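Peer 1:
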Amino acid sequence: MDCHLLIDFGSTYTKVLAVDLETETVLGRAQSVTTVDSNIMIGLRNALDILFQEHPEMDESSISRKIASSSAAGGLRMIAIGLVRELTLEAARRAALGAGAKIVGSYAHELDEESLQEIEANPCDLIMLSGGTDGGNKEVILHNAQALAELKKDVTILVAGNRVVRSKIKQILQNAGKQVVVTENVMPEVNEINVEPARAAIRDIFMERIVKAKGLDGAQTYVGNIVMPTPMASLRAAQLLAEGTEDEAGLGDLLIVEIGGATTNIHSVGYGYPRDGHVVLKGLPEPLAKRTVEGDLGIRYNAHTIYDLAKQSLRDNLSALNYPLDLSTVEHITQEMGVNVGYVPDDDAAYLLDTALAKTAVQVAVERHAGILREVPGLEDLIPVQYGKDLTHIKVVIGTGGVFHYGRYPARILAGVLYEAHNPSSLKPKNPDFYVDQGYVLYGAGLLAGIHPTKALRILKKNLHQL
Amino acid sequence: MAEIDKKTIVLGTIGSDAHMIGIWVIRKALEAAGFKVIFLGAVVPQEEFINAAIESNAGAILVSSLYGMGPIDCEGMRQKCIESGLSDVLLYVGGCLVAPAEVAKKWQVVHDQFIQMGFSRVFPNDTLPEDIIKALNQDLRIAE
Chain A
10 MDCHLLIDFG STYTKVLAVD LETETVLGRA QSVTTVDSNI MIGLRNALDI
60 LFQEHPEMDE SSISRKIASS SAAGGLRMIA IGLVRELTLE AARRAALGAG
110 AKIVGSYAHE LDEESLQEIE ANPCDLIMLS GGTDGGNKEV ILHNAQALAE
160 LKKDVTILVA GNRVVRSKIK QILQNAGKQV VVTENVMPEV NEINVEPARA
210 AIRDIFMERI VKAKGLDGAQ TYVGNIVMPT PMASLRAAQL LAEGTEDEAG
260 LGDLLIVEIG GATTNIHSVG YGYPRDGHVV LKGLPEPLAK RTVEGDLGIR
310 YNAHTIYDLA KQSLRDNLSA LNYPLDLSTV EHITQEMGVN VGYVPDDDAA
360 YLLDTALAKT AVQVAVERHA GILREVPGLE DLIPVQYGKD LTHIKVVIGT
410 GGVFHYGRYP ARILAGVLYE AHNPSSLKPK NPDFYVDQGY VLYGAGLLAG
460 IHPTKALRIL KKNLHQL
Chain B
195 MAEIDKKTIV LGTIGSDAHM IGIWVIRKAL EAAGFKVIFL GAVVPQEEFI
245 NAAIESNAGA ILVSSLYGMG PIDCEGMRQK CIESGLSDVL LYVGGCLVAP
295 AEVAKKWQVV HDQFIQMGFS RVFPNDTLPE DIIKALNQDL RIAE
């Protein structure tokens, strides 16, 4: 046995996953409430006690290696600043999301007094400053650096903008006593995206500074460094699963739907170029592995937002499930869920409501993630123009998160990803197969991917359960 | 940033459009009026216009589109100029910007659409070269 312990210090639960690299199987998993306010190790100890109780064949001495990620204490909260909203700001946002961050603020063009006050008051862990192509506009990023230098709060600033003024900006911020990290421009040329150096820098900052600032470093003597934010691990696993390794084939382009109490996250892997040669592709190039986070679509904290936002879809989904109660009752229940976020359904009507809420969240989240196709009049014909990724061809759709495990109707939730004839401009998957991440191994495979990609991939594949 | 060279103009046909005659006529007229023309020819992507303007410190970018795909090809060009440090560059567009039947019906709508996109001036396909020169002289404050 070669037991690796993969740990996620989550926002609510600390999860442990024990895998055997020799047999490439999951040995066991357990979870306990995260204890970041007292000592992060208490929650981990509790989770390990449960694991060892349920699996007496394992104990502390059987673990050969531990790897941990975290989304505890608010996760990695970032503010993104760029010049043009659709260009450098969008590039900065993609870099942050791909690094597993939660974006708590976005600002384009010059920061004004009001924006600065917002930033000052917004509890964030990292500010990313971009703007201008290399050799392009430098006035705005310089202005914004001067503005950030005035901030009273102690926050690290990652500079990923116009190369020409990089050292000047570093100086401005350092002179003001700020922690500064400088990396390559997220957009060195117009329409050329360069997010990898920024993602790597964010990960380093997370490991070296933010973990400590959040009081998670108490775990380091036991687990070593907390190597990345958990969502970054999930995105890595998604990419590994799609692309495969030299020794183990991947599954090709895929979509992963992650439903939580506070957010719904969508990961897609694949370039999503137009399927038809007549279609004109517009907009910023899409990253191969793309993550979007919908902070308004969690099925507990935001259950009522889902009700408000997509009443018609929710109503359709409920009636398709023959849900017995009326909509005003649903309104009341969703309000209750926002208060009692630990709520678990206890009868079939409650399971049906959870299914409809989750499906509605997926519908909206995938629509925001997927590309769109619209027709523009040309000289003679209408010309089809695509923005974003075409996901219509995707064959593999995977669900992960609690509702796929305790819920009774996982396939009906995943049906929310499907292309809809009445909304043909949204390029959602047309005929995919549905899977569930049965052993919650996604983040673990992402953590393992850095050292044993093929083994991580095989474990991940074995734990996908086709619906 | 270097001072712009008011007498240098970048000129080309945008997107997948291969029409050359119109810009060739404009080129000759501009040169005769004393402008230096950076002539990019046809089938020119947005980025190439912008890069040519950066390299030459041009005072204006003149975009031609004659095959009805003007809105698609020109969308986002001003934003890219801003990122590239050309926030204030003069941006003209002209030609058969949308399908001819549409132009006849609603030139004002087409005109306003391109102004919305950040173009400084929008010209219909029956514009004479001297009108363009007049506009350039006025916008660049060149004494005639």
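Protein chains in written order, with the working numbering: chain A, 10 to 476; chain B, 195 to 338.
Even glycine gets a Cβ: it sits at the ideal position worked out from N, Cα and C.
Source: prediction; values computed, not measured.
1. Should B:Arg-221 be labelled buried (16 or more other beta-carbon atoms within 10 Å of its own) or exposed?
2. Quick one: which unbroken beta strand (DSSP E) runs of 3-plus residues sit fully inside the region 32-65 of chain A? Chain order, please.
3. Between the region 271-285 of chain B and chain A, which residues of the former have a C-beta closer than 7 Å to a C-beta of the latter?
4. Of the choices A:His-461, A:Val-45 and A:Asp-355, whose alpha-carbon is the least far from that of A:Tyr-415?
5. Give a yes or no on whether the minimum CB-CB distance between B:Gly-262 and chain A is below 7 Å.
6. Output the distance between the C-alpha atoms of B:Met-195 and B:Arg-272, rounded to the nearest integer angstrom.
7. In the DSSP assignment, find the unbroken beta strand (DSSP E) run with B:Gly-264 in it and report its ends.
8. Please report whether the beta-carbon of B:Ala-212 lies at a distance below 7 Å from any beta-carbon of chain A.
9. Could you pull the DSSP bridge partners for A:Met-3 from this structure?
10. What does A:Cys-12 pair with, by DSSP beta-bridge criteria?
11. For B:His-213, name the three-state secondary structure that DSSP assigns.
12. Nearest to A:Gly-145 by CA position, among B:Leu-256, B:Thr-321 and B:Ser-278, is which residue?
13. Within its chain, find whatever has a CB closer than 7 Å to the CB of A:Lys-368; leave out the 5 residues flanking it on each side and keep chain order.
14. What three-state label does DSSP hand B:Met-195 in the structure shown?
15. Is there a Cβ of chain B sitting closer than 7 Å to that of A:Thr-192, yes or no?
16. Does the CB of A:Pro-386 have a neighbour CB from chain B at under 7 Å?
17. Could you check whether the Cβ of B:Glu-241 sits closer than 7 Å to any Cβ belonging to chain A?
18. Hey, does A:Glu-95 have any beta-carbon neighbour from chain B nearer than 7 Å?
19. So A:Gly-410 and A:Met-241 are supposed to be a Cβ contact under 8 Å. How far apart are they, rounded?
20. With a threshold of 7 Å between beta carbons, is A:Lys-470 in contact with chain B?
21. Do A:Val-375 and A:Lys-437 have their C-beta atoms closer together than 7 Å?
22. Does any CB atom of chain A fall closer than 7 Å to the CB of B:Ala-236?
23. Quick one: is B:Ile-232 near chain A, going by C-beta distance under 7 Å?
24. Quick one: does B:Ala-298 have its CB under 7 Å from some CB of chain A?
25. How is the alpha helix (DSSP H) around A:Gly-107 delimited, first residue to last?
26. If you compare alpha carbons, which of B:Gln-310, B:Met-263, B:Ala-247 and B:Gly-288 is closest to B:Thr-202?
27. Tell me the rounded alpha-carbon separation between A:Met-216 and A:Asp-363.
Peer 2: Walking through what the data contain:
1. buried
2. 34-42
3. Gln-273, Lys-274, Ile-276, Glu-277, Ser-278, Gly-279 and Ser-281
4. A:Asp-355
5. yes
6. At B:Met-195 the pLDDT is 48, less than 50, meaning the model places this residue with poor confidence; the figure from the coordinates comes in the next sentence. Near 18 Å, if we compare the C-alpha coordinates of B:Arg-272 and B:Met-195.
7. No beta strand (DSSP E) contains B:Gly-264, which is instead part of the alpha helix (DSSP H) from 264-268.
8. no
9. The structure shown does not extend to residue 3 of chain A, since chain A is modelled only from 10 through 476, so no value can be given for it.
10. A:Asp-29 and A:Ile-72
11. coil
12. B:Ser-278
13. Asn-326, Arg-421, Ile-422, Ala-424 and Gly-425
14. Bear in mind that a pLDDT of 48 at B:Met-195, under 50, signals an unreliable position, so the model cannot answer this.
15. no
16. yes
17. yes
18. yes
19. Not confirmed; about 17 Å, so no contact.
20. no
21. yes
22. no
23. no
24. no
25. 99-107
26. B:Ala-247
27. 36 Å
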